[in-house]
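In what follows, a single structure is set out as C-alpha cells and then discussed.
Protein chains: 2
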Amino acid sequence: MLPNRNRKLRVIPLGGIREIGKNLTVFETDSDMIIVDCGVAFPDLDMPGVDAVIPDMTYLTENKQKIRGLFLTHGHEDHIGAIPYLFKEINVPIYGTKFTLGLVEKKLEEEGMSTSGIEMIEMHYGEMVIKGDFCVEFIRTNHSIVDSAALAIITPCGIILHTGDFKVDYTPIEGQPIDLMRMAELGEKGVLLLMSDSTNAEHRGFTMSERTVGRTFEEIFARTKGRIIVATFSSNVSRVQQIINTAVKFGRKCVICGRSMVNVIDVAIEKGYITDTDVLIDLEEIDNYPPEELVIITTGSQGEPLSALTRMAVATHRQIDIVPGDTVIISASPIPGNEKPIARMIDELCKRGATVIHKSLAEVHVSGHACEEELKLIQTIVKPKFFCPVHGEYRHLMRHKNIAVELGIPEENCFILENGRVLEFEGESVRCDEMVQAGNVLIDGLGVGDVGSIVLRDRKHLAEDGLIAVVMTVDSRTGALMAGPDVISRGFVYMRESEDIIEHIKETARDALSRGDIYGGKRDWAYKKTVIRDAIHDYVYEQTKRNPMVLPVIMDIALGENQNNQADLEE
Amino acid sequence: MLPNRNRKLRVIPLGGIREIGKNLTVFETDSDMIIVDCGVAFPDLDMPGVDAVIPDMTYLTENKQKIRGLFLTHGHEDHIGAIPYLFKEINVPIYGTKFTLGLVEKKLEEEGMSTSGIEMIEMHYGEMVIKGDFCVEFIRTNHSIVDSAALAIITPCGIILHTGDFKVDYTPIEGQPIDLMRMAELGEKGVLLLMSDSTNAEHRGFTMSERTVGRTFEEIFARTKGRIIVATFSSNVSRVQQIINTAVKFGRKCVICGRSMVNVIDVAIEKGYITDTDVLIDLEEIDNYPPEELVIITTGSQGEPLSALTRMAVATHRQIDIVPGDTVIISASPIPGNEKPIARMIDELCKRGATVIHKSLAEVHVSGHACEEELKLIQTIVKPKFFCPVHGEYRHLMRHKNIAVELGIPEENCFILENGRVLEFEGESVRCDEMVQAGNVLIDGLGVGDVGSIVLRDRKHLAEDGLIAVVMTVDSRTGALMAGPDVISRGFVYMRESEDIIEHIKETARDALSRGDIYGGKRDWAYKKTVIRDAIHDYVYEQTKRNPMVLPVIMDIALGENQNNQADLEE
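So the sequence lines, in the order shown, correspond to chains A and B.
In terms of my numbering, the first sequence has 369 at position 368, counting the first letter as 1, and numbering is strictly consecutive.
In terms of my numbering, the second sequence has 448 at position 447, counting the first letter as 1, and numbering is strictly consecutive.
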C-alpha cells in the first residue's frame with residue numbers, strides 16, 4: 002500500500018480540536034470528501050440563553066458535490082448531534098454501526114425530519130466501504146456507549162487511523178475488547194497518521210473496566226433495604242444493563258425514567274443491546290411494588306434543571322417523590338461546569354431524606370476514555386508516522402503530544418491543529434498553513450447562527466447590571482420635551498424602593514437633552530442620545546458603582562412625521 | 002463546671018449552615034451575646050452581577066446592646082469578610098490571633114474605615130477572655146492559613162467547642178500541631194456541644210500534611226530549567242513559605258504578584274510569619290535576573306478573570322509575559338463552580354508555551370479541612386453530649402452527623418441546623434423550634450441588599466433571551482398613534498439582520514394598540530400594555546422559540562400633559 006506520490010490528501014477538523022465537543026473532521030482529495038462525525042457542543046458559561054453549539058459548516062455546503070459520505074464513530078451527542086443541521090443543507094449516505102444509526106434515526110425523527118430519503122448503511126466491525134478515493138474500515142473499540150468504532154481510512158497518501166472516543170476494556174459488558182490486533186496489523190502495514198482521543202491524556206494509569214462499576218452496584222444493592230434510584234447518562238447502555246443485571250440478582254423491578262433515557266433504551270432494546278428486559282416495568286406500575294423491589298433508572302446525573310432526577314429532588318416530578326429510605330446513586334462524573342448544579346441537586350435529595358451515593362463516596366462510575374497508559378499502548382502498536390491528538394482542550398492535546406514524543410515520534414511529525422486548519426499531505430511532504438472557514442454556530446430556540454458576539458455581549462451586560470431605558474417624546478421643530486422622560490428599569494434596582502435615583506435619572510436626562518446643539522437647526526438625535534446615555538451612565542455609576550445598560554429613546558413628533566429610531570439599529 | 006439549671010443558652014447560626022461561606026454564629030444568654038466569625042460568601046451562578054453575599058445581620062443590630070464581642074477563628078474571607086458591613090452598624094471588641102487581626106485591619110483600611118475606634122484584642126493559644134456570661138479560650142488548630150483557632154466557649158449551660166476550620170497536621174510548616182491534648186482535656190471535663198467543620202466529611206481517610214506539598218515543589222524545582230510561576234491562595238502563608246524555602250534551596254529569587262497576595266504577604270512579613278524574606282525581590286527587578294533564577298508567586302489559582310495569572314495567560318499583564326519554557330504550578334483545588342474558568346486559563350497558558358502542573362498531574366495541593374478519620378478523632382476525644390455539624394452544605398452536614406452517630410452519639414442529640422434556627426439549652430433540656438431573621442444580603446457595587454429576587458429574576462431573564470422594548474407616543478384624547486412604534490432590542494437577535502422580524506413586531510404592536518378598549522373614554526394604558534406585551538411575546542415565541550423580555554412603553558401626550566408611566570413601576 003505505497004502512497005501515490007502525485008496525490009494530495011487534506012485533513013481538516015471543523016470541530017473537536019482545542020475543545021471537547023462538536024466533533025467533525027473532513028478528509029479530502031482533489032475529487033472526493035468524506036466526513037467523520039457531526040456533533041454538537043454544550044454552550045459555554047459565557048453564552049447565556051444558547052441551547053447548543055454546532056460547527057460552522059460553510060466548507061461542507063460549499064463542497065457538497067464532493068462529499069461521498071458521513072462516517073460515525075459512535076452515537077454520543079458530540080458526534081451525531083449536529084446531523085439534523087447538516088442534513089438541512091446536504092444529503093449523503095451515513096455509515097455507522099447498528100446502535101449508532103438507531104440513535105441517528107431517533108434524532109432525525111425527533112427533529113421532524115423524514116429519514117426515508119436518507120441512505121443509512123449499517124456497518125459491522127471489520128467491514129470496509131469504498132467511497133471515491135477513500136476506503137473506510139470500522140474497527141471495534143470500547144467506550145461509554147455500545148457499538149463504538151475506530152475508523153481506518155485508506156487514502157491515496159496512506160492509512161489514517163482515527164480512534165474515535167475509546168478506552169481499552171478487557172472485560173466489557175457488551176461485546177468484545179477493543180480490536181488491538183487489527184490496529185497492530187495496520188501498524189505493521191504502516192500508518193501515515195494517527196488521530197487519537199485526548200480527553201484523559203492528563204490522567205495517569207489505566208481507566209478501569211466498566212465491569213468494576215457492576216461490583217459496586219452489587220455491594221450497594223446487597224445492603225440497601227429501600228428503593229434504589231440510579232442516575233446515569235442515557236447513552237451508557239452497558240451501565241443500564243449492569244443496573245438491570247443487579248436488579249435481577251436482587252429481585253427488583255426496573256423503571257426507566259426521563260425522556261432521553263426512555264428514547265435511548267427503546268433503541269437499545271429494539272436493536273438487541275439490552276437483555277433481561279422482563280424486569281422492566283412501566284412508570285405507572287410502580288405503586289404495585291414495595292420500595293425494596295424497585296430500581297428507578299433515570300436521567301439527571303448532571304443536575305440539569307429539567308431532568309427527571311432534579312425534578313424529583315425539588316418535588317416537581319409528577320410520578321416520583323423522594324422519601325426517607327430512598328437511596329440515590331449518581332453513576333456519573335460531573336461534566337466540567339456542572340459541579341454546582343449537581344451539588345445543589347444532591348443537597349435537595351438529602352434534605353428529603355435520601356441517602357445519596359456519588360463518585361467521591363464509592364466506585365459508581367468509570368470513564369469512557371483512555372488514560373495515559375492506554376494512549377501509550379495505541380501509539381506503540383500503531384507506530385504512526387504522523388500524529389494528531391484530537392478530542393480535547395489545548396492542554397489535553399499538548400499532553401497527548403508529549404506522550405507521543407516520549408514514545409519516539411519526532412516532534413515535527415506531531416500536529417496540534419485548530420478547527421479549520423488544513424493538514425495537507427502530498428507524497429512525502431506535509432504542510433499545515435492553510436485555513437478554511439470554521440467556528441461556532443450558536444443555536445438558540447429556532448435560530449441557527451443569529452446569536453453572535455454582539456448579542457452575547459449585550460446579554461452578559463444585561464445579566465450583570467440590568468438596564469435603564471429613558472424614553473422622551475420631543476417636538477422635532479423646537480426640540481422641546483413633549484412627554485417624559487419616562488424611566489423603565491429591569492434588573493438594576495428594585496424600582497419601588499429607589500424612587501430617588503429614578504427621579505435623578507429623569508432630571509439627568511432632561512438636563513442632557515437641553516444641553517448641546519438642541520435648539521439648532523440640526524436634529525442630531527444620535528448625538529443627543531449619546532449625551533443622555535453618558536450623563537445617566539456617569540450619574541448611576543457614581544451613585545452605585547454599577548454599569549447598567551442605558552437605552553435612551555427619543556421619539557420626535559411634528560407634522561405627523563413618524564421617525565423610526567434607526568440610530569438604535571446602528572449599534 | 003456544672004451547668005446552671007436556671008440559665009438559658011441560645012446558639013444561633015446566621016450563616017455557614019447548609020452552605021460553605023458567610024460563617025457567623027451567635028451565642029446568647031439572657032444578658033449577653035457573643036459572635037463567632039463574620040464572613041462573606043461567593044455569589045452563586047444564579048446571582049449575576051452580584052459581587053458578594055453577606056449574612057442578614059438584623060438580629061445583631063436589633064440586639065446590639067447585648068453584644069460583648071466578635072471572636073474570630075481565622076482570617077479567611079468566609080470568616081472575616083463581612084466585618085466592614087457589621088461595623089457600619091455596631092462597634093464591639095474584636096478578639097483574634099495576631100495574623101487574623103492583621104488581616105482584619107488591612108480589610109478595614111481597604112474599605113476606608115478607621116480602625117482607631119475599634120478595639121482589637123490579640124489572643125494567644127491557651128488564653129481565655131471573659132465577656133459577660135461567656136468565657137472564651139483560643140485553642141491551636143491547623144488550617145490552610147496560619148494562626149487558626151478553635152474556640153472553647155464556657156457558658157452558663159456548659160462548654161461548647163467550636164472547631165473553626167481545621168485539619169490535623171502533625172507536621173505543619175508554621176507552628177505546632179493542633180492542640181489535641183487541650184481538646185481531650187475539655188472532653189474529660191464534659192463538653193455540652195461540639196460544633197465541627199464538615200467541609201471534607203465526604204472524603205475518606207486523612208488530609209495530607211501541608212509538608213507533602215513542599216516535597217513536590219522540590220521535585221519540580223529540581224527538574225525545571227526556566228522560570229517558575231506558582232499560583233496559590235494568597236492567605237495560604239505556609240504554602241508561600243514553602244515556595245520561598247524551595248526557592249532558597251535552588252538559588253531562585255521570589256516575586257510576589259497580585260494585589261491580594263501582596264497585601265496578605267505584607268501582613269505576614271510584618272507579623273513575622275514569613276522567614277527568608279531576603280530572597281524576595283520587587284516585580285520591577287525581574288528583568289535583572291535570568292528566568293532560571295526566578296519564581297513568581299501569584300494570585301489567580303481560581304481562574305478569576307482579573308487575577309494576575311489570568312492576565313498573564315491572556316497577555317494583558319503589564320509586567321509579565323508568559324513565554325515558552327515557563328512552568329506554571331497551580332497549587333490549589335478548584336472551588337466548585339470555578340472549574341471552567343480554570344480550565345480555560347490553563348489552556349491559554351499552554352498555548353503560550355508554558356508547562357502547566359496542576360493537581361491532577363502532581364501533588365501540588367492539599368486541603369485545609371479535616372477528612373472523615375480526623376473528624377472521628379475529634380469526636381472521640383471531645384465526647385460531646387450534643388453535636389452540630391457546621392461549615393458545610395446539607396449533604397456534608399448529614400454525612401458528618403452520620404459519622405458522629407456511628408461513633409455513638411445518640412441521633413436525637415445531633416442537630417442539623419439552618420441559618421436563623423435557634424438551638425436553645427435550658428438546664429438539661431434542649432429545643433430547636435424558634436427561628437430568627439436570617440438570610441442572604443447581596444452586595445452589588447455600593448448597594449447592600451438592594452438587589453433582591455425580582456431584580457435577579459429580571460437579570461436572568463435578560464441574560465437568557467435579551468429584551469425588546471416597543472415605544473409608542475399616543476394622543477391621549479383620541480388614542481391615535483402619534484409616533485412609533487419604535488423597537489429597540491438588545492441581546493435578542495442581531496437587529497441589522499432581522500429587519501423582517503422587527504417590522505412584524507411593529508405591526509403586532511400597532512394591531513394590539515388598536516385592539517380592545519382603545520377609542521373608549523377609558524385610557525387604560527396598563528391594560529393596553531399588557532395586550533401589546535402578550536401579542537409580541539406570542540409572535541416572537543412562535544417565530545423563534547425564544548422568550549425575550551418585552552417592555553412596551555406608551556407615552557401619551559395631550560394638552561401639554563406629561564404623564565409619567567407609573568404603570569411600569571408597578572411590576
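Here a beta-carbon is modelled for each residue, glycine too, at the ideal position from N, C-alpha and C.
This structure is a prediction, so every number in the text was calculated from the model and none was measured.
In chain order, E394, Y395, R396 make up the part of chain A whose C-beta sits under 9 Å from the C-beta of I347 of chain B. Contact note: C351 of chain B reaches chain A through Y395, R396, M399, using a C-beta cutoff of 7 Å and chain order. Within the stretch 464-488 of chain A, A464, E465, D466, G467, L468, A470, V472, M473, T474, L482, M483, A484, G485, P486, D487, V488 place their CB atoms closer than 9 Å to a CB of chain B, listed in sequence order. Take the alpha-carbon of V532 of chain A and the one of E340 of chain B: they are about 42 Å apart.
Within the model, the alpha-carbon separation for N548 of chain B versus L463 of chain B is close to 9 Å.
Under the DSSP assignment, K530 of chain A falls in the alpha helix (DSSP H) whose first and last residues are 526-545. For D451 of chain B, the C-beta contacts it makes with chain A under 8 Å involve V494, Y495, E498, S499, in order along the chain. When DSSP states are grouped into helix, strand and coil, P14 of chain B belongs to the strand group. Just so you know, the alpha carbons of I343 of chain B and Y395 of chain A end up roughly 13 Å apart.
A residue is called buried once 16 or more other Cβ atoms fall within 10 Å of its Cβ, and V147 of chain A is buried on that count.
DSSP assignment within the stretch 402-433 of chain B yields the following whole beta strand (DSSP E) runs of 3 residues or more, N-terminal first: 424-427, 430-432. P56 of chain B carries a strand assignment under DSSP once its states are collapsed to helix, strand and coil. For L447 of chain A, the neighbours in chain B by C-beta distance under 7 Å run, in chain order, T545, K546. Distance from the CA atom of G485 of chain B to the CA atom of D501 of chain A, rounded to whole angstroms, is 29 Å. Taking 8 Å as the cut-off between beta carbons, the residues of the stretch 37-52 of chain A near chain B are D45, L46, P49, G50, in sequence order. Taking G440 of chain B as the centre and dropping the five residues before and after it, the same chain places the C-beta of D57 closer than 6 Å to its C-beta, in chain order. Rounded to the nearest whole angstrom, the C-alpha separation of G176 of chain A and M129 of chain A is 20 Å. Within the stretch 201-221 of chain B, those residues whose Cβ lies closer than 9 Å to any Cβ of chain A are, in chain order, E203, H204, R205. From the listed residues B:I221, B:D170, B:L71, the smallest Cα separation to P94 of chain B is found for B:L71. Short of 7 Å from the beta carbon of D31 of chain B, and not among the five residues preceding or following it, lie these beta carbons of its own chain, in chain order: K9. For the pair V54 of chain A and V27 of chain A, the Cα-to-Cα distance works out to about 18 Å. The continuous alpha helix (DSSP H) containing V241 of chain B extends over residues 238-250. Here the stretch 161-169 of chain B makes contact with the stretch 133-143 of chain B; the two share three or more CB pairs at distances below 8 Å. For a cut-off of 8 Å, the C-beta gap from T101 of chain A to G76 of chain A is around 4 Å, short enough to register as a contact.
Under the Cβ distance rule, V256 of chain A does not count among the residues neighbouring chain B, no pair being separated by less than 9 Å. Judged by DSSP secondary structure, H163 of chain B falls outside any alpha helix (DSSP H) and instead within the beta strand (DSSP E) spanning 159-163. In the three-state reduction of the DSSP assignment, P85 of chain B falls in the helix class. Your pair L468 of chain B and L468 of chain A checks out as a contact, with CB atoms roughly 7 Å apart and the cut at 8 Å. Nearest in C-alpha terms to A83 of chain B, of all of B:V51, B:E111, B:C39, is B:C39. With a 10 Å radius around the Cβ and a threshold of 16 neighbouring Cβ atoms, N289 of chain A comes out exposed. Not a single C-beta of chain A is nearer than 9 Å to the C-beta of E374 of chain B.
As DSSP reads the structure, N143 of chain A sits in a beta bridge with A:K168. If you check each beta-carbon in the stretch 406-426 of chain A against every beta-carbon of chain B, none falls closer than 7 Å. Under a criterion of Cβ atoms nearer than 7 Å, no residue of chain A is adjacent to K65 of chain B; the nearest Cβ is some 24 Å distant. Identification of residues in the stretch 76-105 of chain A having a C-beta nearer than 7 Å to some C-beta of chain B yields an empty set. Within a 10 Å sphere around the beta-carbon of A316 of chain B sit fewer than 16 other beta-carbons, which makes this residue exposed.
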